[in-house]
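Below: one structure, written as C-alpha cells.
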Amino acid sequence: MSQLKTAVSHLDDLPSTPGKFKPDKPTPYVQRMRFHSKLTLWSCFVAFILLFFFLTSSPGSTPSSSRRALGSDTWGGREWERRVSRSSRKRSDGGLTVLVTGAAGFVGTHVSIALKRRGDGVLGLDNFNHYYDTNLKRARQKLLERAGVFIVEGDINDASLLQKLFDVVAFTHVMHLAAQAGVRYAMQNPGSYVHSNIAGFVNLLEVCKSANPQPSIVWASSSSVYGLNSKVPFSEKDRTDQPASLYAATKKAGEEIAHTYNHIYGLSITGLRFFTVYGPWGRPDMAYFFFTKDILKGKPITIFEAPDHGTVARDFTYIDDIVKGCLAALDTAKKSTGSGGKKKGPAQLRIFNLGNTAPLPVTELVSILEKLLKVKAKRQVLPMPRNGDVKFTHANISSAHTELGYRPTTDLETGLKKFVRWYLHYYSGEKKKSAW
Ligand SMILES: NC(=O)c1ccc[n+]([C@@H]2O[C@H](COP(=O)([O-])OP(=O)(O)OC[C@H]3O[C@@H](n4cnc5c(N)ncnc54)[C@H](O)[C@@H]3O)[C@@H](O)[C@H]2O)c1
Ligand SMILES: *[C@@H]1O[C@H](CO)[C@@H](O)[C@H](O)[C@H]1NC(C)=O
0 MSQLKTAVSH LDDLPSTPGK FKPDKPTPYV QRMRFHSKLT LWSCFVAFIL
50 LFFFLTSSPG STPSSSRRAL GSDTWGGREW ERRVSRSSRK RSDGGLTVLV
100 TGAAGFVGTH VSIALKRRGD GVLGLDNFNH YYDTNLKRAR QKLLERAGVF
150 IVEGDINDAS LLQKLFDVVA FTHVMHLAAQ AGVRYAMQNP GSYVHSNIAG
200 FVNLLEVCKS ANPQPSIVWA SSSSVYGLNS KVPFSEKDRT DQPASLYAAT
250 KKAGEEIAHT YNHIYGLSIT GLRFFTVYGP WGRPDMAYFF FTKDILKGKP
300 ITIFEAPDHG TVARDFTYID DIVKGCLAAL DTAKKSTGSG GKKKGPAQLR
350 IFNLGNTAPL PVTELVSILE KLLKVKAKRQ VLPMPRNGDV KFTHANISSA
400 HTELGYRPTT DLETGLKKFV RWYLHYYSGE KKKSAW
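In terms of numbering that gives the first Met the number 0, the sequence shown has 197 at position 198, counting the first letter as 1, and numbering is strictly consecutive.
Right under this line is the structure:
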C-alpha cells in the first residue's frame, strides 16, 4: 500500500504566510550587513513569488500560459467559438445557460446530460488531468458530444479562457464541479488541491463577479467538511472546523471563500455537500469501483475497520439522486445582485447536504458486490489509517428536502446493480477494442 506512505509534502517547505518566513540560522554575512529590514522585505518578496508560482502551476495540470507557449493550445478560433455558442444554446426561452466545470468528470457528465436533455444550454469545461484514467474521461466526453455538449479543454485557473467564454456566452448559471477529488491522494500531491480547489475556485469567482450579468453559482463542497464531528446525522449547522484531510480543508476553505464573494460582490452561491456519490461512469479511485475491479480479478481487497473493531460506514448516494439535487439547486438559485463587479444588494448564499440518509457499513457494500458479481471477495481487514478518511457519514437532508424538494430514491443495492451492469459492459467493450 504505497499510498499509505507519506510523501514529503512540498507544501511544508513553504511558509504559511510570507511574513513568517525566517531562515533558521542567519549566516555571518547576513549578520555583518545588518540589512535586516531590507532582507525581511526581500524574503517576503521572494516567498510571495514562490507562492505565486506554486499556486499557478501544478504537476496534475499544465498551466495554460506554458501550454500556449508550446503552441499546443486547444482553444480559440472561429470554429471553436461556433462550437462554444452552439453547445450553449438553449432550446426554450425559460431554459438556463449553464457553464459546467469538471464536465468530463463523473458528476459533471451526468449533470451536463440531464441539463441538455431538458433543453438547457450547456457548455462543459475540463482540463482532462491524469488523476485517474483519462480514457474514461474521453469516453464520457464522447457521450456528451453525442448529447450535443461541447467540452472546452482548459483549466479553471486560466482567467483569459474563462473571460473569453463569458464574452462569447451570457451564462445565467455556473455549475462548478471541477476539483481535485480524493482524500488519500492529498498526502501525495497536496499542491493539486490548492491549485484546483482554492486558486481555481477563486479565479472562477473573480471572472463570475466581473461578468455582466453575473451568473448564479452552484458548486460541489463535500460531506468531508464534517471531519471529526461525531454528532450524527450531520446537519448543515454542525461544526465543520475539524477537517481530517487536506481535501476536506480545501472544501471548507471554498465554503468560506464563497461567503466572501457573496458578501462583497453579491454573487448568488449555493454549495452542495455531496455524500459518497456512486454509479455508472463513476470514479475509479473510489472503493466501490476498485473493489469491483479487484473482486473480478480475484485480488484481495482491503476493508478498513475503525478503532476497537468498529464498523466504517458511508451514506452512499446514487448519482441520479445527486443530479436531481443539482438541477433543483440551479432551478431555485436566485439571481446574483451585483453588476460591473459591484454589489447592489444582498444575494442568496446557501449550503445543503445531498446524501441518502441511509448509511451502510463498507462490509455490506462488499457483500452486495459479491452477490451481483457472483464472485466471493478475498477480504483483508485492516485498521483504518489516519490519513484522511473518517469513520462514519450520515446526512441530515431535511433542509435540501424543504428548499429543493430533494428526496433520494435509490438504495445501495439498486444503485450498485446499475453500476455493475455499466462496469461489465464498459470494460468488456474496452477489452474488445484493445484486442483488435
Ligand atoms: N463523487 C463523490 O463522491 C463526491 C463527494 C463529495 C464531493 N464531490 C465533489 O463533486 C465534484 C465532482 O466530483 P466527481 O466525483 O465528478 O470527480 P471527478 O474527478 O470525476 O470530476 C472532476 C473533473 O474536474 C476536472 N478538473 C479538475 N481540476 C480541474 C481544473 N483545475 N480545471 C479544469 N478541470 C479540472 C477533472 O479533470 C475531472 O474531470 C468535485 O468537486 C468533488 O470534490 C464528489
Ligand atoms: C436535521 O436538520 C434540521 C435543520 O435543517 C433540524 O431542525 C433537525 O433537528 C435535524 N435533525 C436531526 C435528527 O438532527
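In this text, a Cβ means the ideal position worked out from N, Cα and C, and glycines have one as well.
Taking the alpha-carbon of residue i as reference, which of the options has the nearest alpha-carbon?
i: Ala-305; options: Glu-402, Ala-332, Leu-266 and Asp-388; result: Asp-388
i: Pro-279; options: Lys-390, Lys-323 and Arg-420; result: Arg-420
i: Val-217; options: Phe-289, Ser-397 and Ile-350; result: Ile-350
i: Ser-338; options: Val-206, Leu-98 and Ile-112; result: Val-206
i: Gly-147; options: Leu-359, Tyr-287 and Arg-139; result: Arg-139
i: Leu-411; options: Cys-325, Gly-428, Asp-307 and Tyr-277; result: Tyr-277
i: Val-173; options: Phe-418, Ala-328, His-400 and Tyr-317; result: Ala-328
i: Asn-126; options: Ile-112, Lys-334 and Gly-107; result: Gly-107
i: Leu-164; options: Ser-229, Asn-211, His-129 and Asp-330; result: Asn-211
i: Asp-157; options: Thr-73, Leu-371 and Arg-145; result: Thr-73
i: Ala-346; options: Gln-213, Lys-292 and Phe-290; result: Gln-213
i: Gly-404; options: Met-383, Gln-187 and Val-322; result: Val-322
i: Met-186; options: Leu-245, Lys-370 and His-393; result: Leu-245
i: Leu-364; options: Gln-379, Lys-292, Ala-286 and Pro-299; result: Ala-286
i: Gly-93; options: Asp-330, Tyr-426 and Gly-340; result: Asp-330
i: Ala-177; options: Thr-171, His-194, Asn-188 and Phe-170; result: His-194
i: Gly-297; options: Leu-372, Ser-223 and Pro-242; result: Leu-372
i: Thr-171; options: Asp-240, Arg-88 and Thr-239; result: Arg-88
i: Leu-326; options: Arg-406, Lys-377 and Glu-369; result: Arg-406
i: Ser-223; options: Pro-189, Ala-247 and Leu-381; result: Ala-247
i: Ala-257; options: Gly-190, Gly-199 and Pro-242; result: Gly-199
i: Asn-352; options: Val-201, Asp-237, Leu-203 and Pro-242; result: Asp-237
i: Pro-242; options: Gln-179, Asn-228 and Gln-162; result: Asn-228
i: Phe-105; options: Ile-300, Phe-418 and Gln-379; result: Phe-418
i: Gly-354; options: Arg-378, Gln-379, Val-380 and Ser-397; result: Ser-397
i: Tyr-425; options: Ala-394, Asn-395 and Gly-281; result: Gly-281
i: Arg-90; options: Gly-76, Arg-116 and Arg-77; result: Arg-116
i: Gln-162; options: Lys-141, Glu-78, Leu-203 and His-129; result: Leu-203
Could you round the C-beta distance between residue i and residue j to whole angstroms and report it? I think they count as a contact, below 8 Å.
i: Leu-271; j: Val-374; result: Their Cβ separation, rounded to whole angstroms, is 35 Å, which puts Leu-271 and Val-374 out of contact at 8 Å.
i: Thr-96; j: Gly-120; result: 4 Å
i: Gly-226; j: Thr-336; result: Not a contact, Cβ separation roughly 32 Å.
i: Phe-274; j: Asp-314; result: 4 Å
i: Val-231; j: Ile-302; result: The Cβ separation is near 21 Å, so there is no contact.
i: Thr-392; j: Phe-233; result: 7 Å
i: Thr-100; j: His-175; result: 5 Å
i: Gly-340; j: Ser-209; result: 5 Å
i: Ala-399; j: Gly-324; result: 6 Å
Whose C-beta lies closer than 6 Å to the C-beta of residue i among residues of the same chain, with five residues either side of it excluded?
i: Ala-357; result: none
i: Ile-197; result: Thr-249 and Ala-252
i: Asn-261; result: Ile-268, Ala-346 and Leu-348
i: Gly-181; result: Asp-284
i: Gly-344; result: Thr-336
i: Tyr-422; result: Thr-291
i: Ile-300; result: Phe-290, Asp-293 and Ala-376
i: Leu-114; result: Val-97 and Val-121
Answer yes or no: does any C-beta atom of chain D fall closer than 7 Å to that of residue i?
i: Thr-413; result: Reference to chain D is not applicable here, since this structure consists of a single protein chain.
Note down, in chain order, each residue of its chain lying with its Cβ closer than 8 Å to the Cβ of residue i, except the 5 sequence neighbours on either side.
i: Ile-367; result: Leu-411, Glu-412 and Leu-415
i: Arg-137; result: Ala-103 and Phe-127
i: Pro-283; result: Tyr-131, Asp-132, Leu-135, Phe-289 and Lys-292
i: Met-383; result: Phe-303, Glu-304, Ala-305, Pro-306, Val-311 and Lys-390
i: Glu-369; result: Ile-294, Lys-375 and Ala-376
i: Thr-239; result: Val-224, Tyr-225, Gly-226, Asn-228, Lys-251 and Glu-254
Would you say the beta carbon of residue i comes nearer than 6 Å to a heavy atom of ligand 4?
i: Ser-159; result: For the structure depicted, ligand 4 is absent and the ligand set comprises only ligand 1 and ligand 2.
For residue i, I'd like the list of residues in its chain whose CB is within less than 7 Å of its CB, leaving aside the five on either flank, ordered along the chain.
i: Leu-143; result: Ala-102, Thr-108, Ser-111, Ile-112, Gly-123 and Ile-150
i: Val-167; result: Glu-80, Val-83 and Ser-84
i: Gly-309; result: Lys-390
i: Thr-409; result: Tyr-317, Asp-319 and Asp-320
i: Lys-342; result: Ile-263, Tyr-264, Gly-265 and Thr-336
i: Lys-334; result: Ser-215 and Ser-267
i: Ala-332; result: His-172, Ser-215, Val-217, Ser-267, Thr-269 and Gln-347
i: Phe-52; result: Here Phe-52 scores only 48 on pLDDT, less than 50, and its place in the model should not be relied on; the value that follows carries that caveat. The answer is none, since no qualifying residue turns up.
i: Val-380; result: Ile-302 and Glu-304
i: Tyr-192; result: Gln-179, Ala-185, Leu-245, Tyr-246 and Thr-249
i: Asn-395; result: Pro-232, Phe-233, Ser-234 and Asn-352
Query raised in the report: What residues come near ligand 2, if near means a beta carbon less than 7 Å from any of its heavy atoms?
Result: Environment of ligand 2, chain-ordered: Pro-232, Ser-234, Glu-235, Lys-236, Asn-395, Ser-397 and Ser-398, taking every residue with Cβ within less than 7 Å of a heavy atom.
Report task. Entirely within the region 219 to 259 and at least 3 residues each: give me those beta strand (DSSP E) ranges in chain order. Result -> Counting only runs of 3 or more, we get nothing.
Query - Uninterrupted alpha helix (DSSP H) stretches inside the region 256 to 335 (no shorter than 4 residues) - result: Within the region 256 to 335, the complete alpha helix (DSSP H) segments of 4 residues or longer fall at 286 to 296 and 318 to 331, listed in chain order.
Requested in this report: Mind listing, in chain order, the continuous alpha helix (DSSP H) runs of no fewer than 4 residues lying wholly within the region 396 to 428?
Outcome: DSSP assignment within the region 396 to 428 yields the following whole alpha helix (DSSP H) runs of 4 residues or more, N-terminal first: 397 to 403.
**Report entry** Whole runs of the alpha helix (DSSP H) within the region 120 to 194, excluding any shorter than 4 residues
**Finding:** Entirely contained in the region 120 to 194, the alpha helix (DSSP H) runs reaching 4 residues are, in chain order, 133 to 146, 158 to 167 and 189 to 192.
Report task. Only counting runs of 3 or more residues, tell me where the beta strand (DSSP E) segments fall wholly within the region 346 to 391, in order along the chain. Result -> Here the runs fully enclosed are 348 to 353 and 377 to 382.
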